[in-house]
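K.L.:
The numbers in this note's numbering rise by one with no breaks, and the one at position 195 of the sequence shown is 597. So that we are looking at the same thing, I have put the structure below in structure tokens.
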Amino acid sequence: MRDDGGGIVEGRHLKHFIANQYQNLFLSQAGDRESDVIQCVQRRVSPEMNEALLAPFTGDEVWAALESIGDLKAPGADGMPSIFYKQFWQLLGERVKEVLEVLNGGDMPQGWNDTIIVLIPKVKQPEKLKDLRPISLCNVLYKLVSKVLANRLKKILPDIISPSQSAFVPGRMITDNVLLAYELTHHINNRRRGAGGLAAIKLDMSKAYDRIE
Numbered sequence: 403m404r405d406d407g408g409g410i411v412e413g414r415h416l417k418h419f420i421a422n423q424y425q426n427l428f429l430s431q432a433g434d435r436e437s438d439v440i441q442c443v444q445r446r447v448s449p450e451m452n453e454a455l456l457a458p459f460t461g462d463e464v465w466a467a468l469e470s471i472g473d474l475k476a477p478g479a480d481g482m483p484s485i486f487y488k489q490f491w492q493l494l495g496e497r498v499k500e501v502l503e504v505l506n507g508g509d510m511p512q513g514w515n516d517t518i519i520v521l522i523p524k525v526k527q528p529e530k531l532k533d534l535r536p537i538s539l540c541n542v543l544y545k546l547v548s549k550v551l552a553n554r555l556k557k558i559l560p561d562i563i564s565p566s567q568s569a570f571v572p573g574r575m576i577t578d579n580v581l582l583a584y585e586l587t588h589h590i591n592n593r594r595r596g597a598g599g600l601a602a603i604k605l606d607m608s609k610a611y612d613r614i615e
């Protein structure tokens, strides 16, 4: 593994190097002006939406979330794949109750949010840490909590997310913005009339995408 200066990091120094790099990468640098930012955001969630989001969670929602998890997806720190919970669902009633307790405001039991961090190569021959993308392998019970919450949010996201966001929303494709950028560039290049000019600014978003903010 190479550092930013081109030097090689290996052996017992590698673990410390990787930990420091990601600690700096995911360290918050937003400051303490959250209230100022929130005041600039227009309210989009209606009282009806809020009421639906705050309704008590049910066992049916937990089962629907479990069904959406692949049977043999990489397990988390407890080593239990989702197929185990699906096959023995009737015998795991206490576990279901625990998930519902967490969803309805209870404390999360110790160890549920333990994860295994795995580095996935972005390129064929990674040399620097930025060529690797970290992912966290979560326990199924933790996935259930997050998926139930996500399923509720999905119902209102189309009404509160800007139509110009083309990624991470069902029914929208990130390639839509690629086509839009191509058409805009084509228009700029072929503009022949008018006193005012047009300009395009290209931003490298890779570092911003990988950071916590």
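Note that CB positions come from ideal geometry on N, CA and C, so glycine has one too.
For LYS549, count neighbouring Cβ atoms within 10 angstroms of its own Cβ and tell me buried if that reaches 16, exposed if not.
P.N.:
If you number the sequence shown from 1, residue 549 lands on position 147. Buried, by the Cβ-count rule.
K.L.:
Tell me whether the beta-carbon of GLY461 lies closer than 8 Å to the beta-carbon of LEU494.
P.N.:
What you label residue 461 is simply residue 59 of the sequence shown in a count that begins at 1. What you label residue 494 is simply residue 92 of the sequence shown in a count that begins at 1. No, the Cβ-Cβ distance between GLY461 and LEU494 is not below 8 Å.
K.L.:
Take PRO477 and list the residues in its own chain whose beta-carbon comes closer than 6 Å to its own, dropping the five residues that flank it on each side.
P.N.:
Position 75 of the sequence shown, counting from 1, holds the residue named residue 477. Closer than 6 Å at the Cβ level, and outside the excluded window around PRO477, lie PRO483.
K.L.:
Please give the ranges of any beta strand (DSSP E) in the segment 516 to 555, keeping only runs that are unbroken, at least 3 residues long and fully inside the region.
P.N.:
Restricting attention to beta strand (DSSP E) runs no shorter than 3 residues, the segment 516 to 555 encloses them at 517 to 523, 534 to 540, ordered along the chain.
K.L.:
Cβ atoms of PHE419 and ASP405: under 8 Å apart, would you say?
P.N.:
Mapped onto the sequence shown, residue 405 falls at position 3. Mapped onto the sequence shown, residue 419 falls at position 17. Yes, Cβ-Cβ distance for ASP405 and PHE419 is below 8 Å.
K.L.:
Within a Cβ cutoff of 7 Å, which residues of the same chain sit near TYR487, ignoring the five residues on either side of it in sequence?
P.N.:
Counting from 1 along the sequence shown, the entry for residue 487 is found at position 85. For TYR487, where only same-chain residues beyond five positions count, the Cβ hits under 7 Å are LEU468, LEU494, VAL542.
K.L.:
If the criterion is Cβ atoms closer than 8 Å, does the pair ILE518 and LEU539 meet it?
P.N.:
Looking up residue 518 in the sequence shown gives position 116. Looking up residue 539 in the sequence shown gives position 137. In contact: ILE518 and LEU539 (Cβ atoms closer than 8 Å).
K.L.:
Let's test the definition: count the other Cβ atoms within 10 Å of the Cβ of LYS545 and tell me whether it reaches 16, buried, or not, exposed.
P.N.:
Along the sequence shown, one-based indexing puts residue 545 at 143. Answer is buried; the Cβ neighbour count reaches 16.
K.L.:
Count the other CB atoms within 10 Å of the CB of VAL450; is the residue buried (16 or more) or exposed (fewer)?
P.N.:
On the sequence shown, position 48 is the one that residue 450 refers to. Looking at the sequence shown, residue 450 is not Val but Glu. Result: exposed.
K.L.:
Spatial neighbours of GLU463 within its chain, please: CB distance less than 6 Å, with the 5 preceding and 5 following residues excluded, ordered by chain position.
P.N.:
Locating residue 463 in the sequence shown gives position 61, counting from the first residue. So the qualifying residues of the chain are VAL550.
K.L.:
Mind checking whether ASP600 and ARG594 have CB atoms under 8 Å apart?
P.N.:
Position 198 of the sequence shown, counted from the first residue, corresponds to residue 600. Position 192 of the sequence shown, counted from the first residue, corresponds to residue 594. Sequence inspection shows Leu at residue 600; the Asp mentioned does not correspond to that position. No. Outside cutoff.
K.L.:
Using C-beta distances below 7 Å, list every residue in its chain close to ARG554, excluding the 5 sequence neighbours before and after it, in chain order.
P.N.:
The sequence position of residue 554 within the sequence shown is 152, counting from 1. Excluding positions up to five away in sequence, the list reads LEU455.
K.L.:
Can you grab the Cα-Cα spacing for the pair GLN512 / HIS588, in whole Å?
P.N.:
Translated into positions along the sequence shown, residue 512 becomes position 110. Translated into positions along the sequence shown, residue 588 becomes position 186. The straight-line gap from Cα to Cα measures roughly 56 Å.
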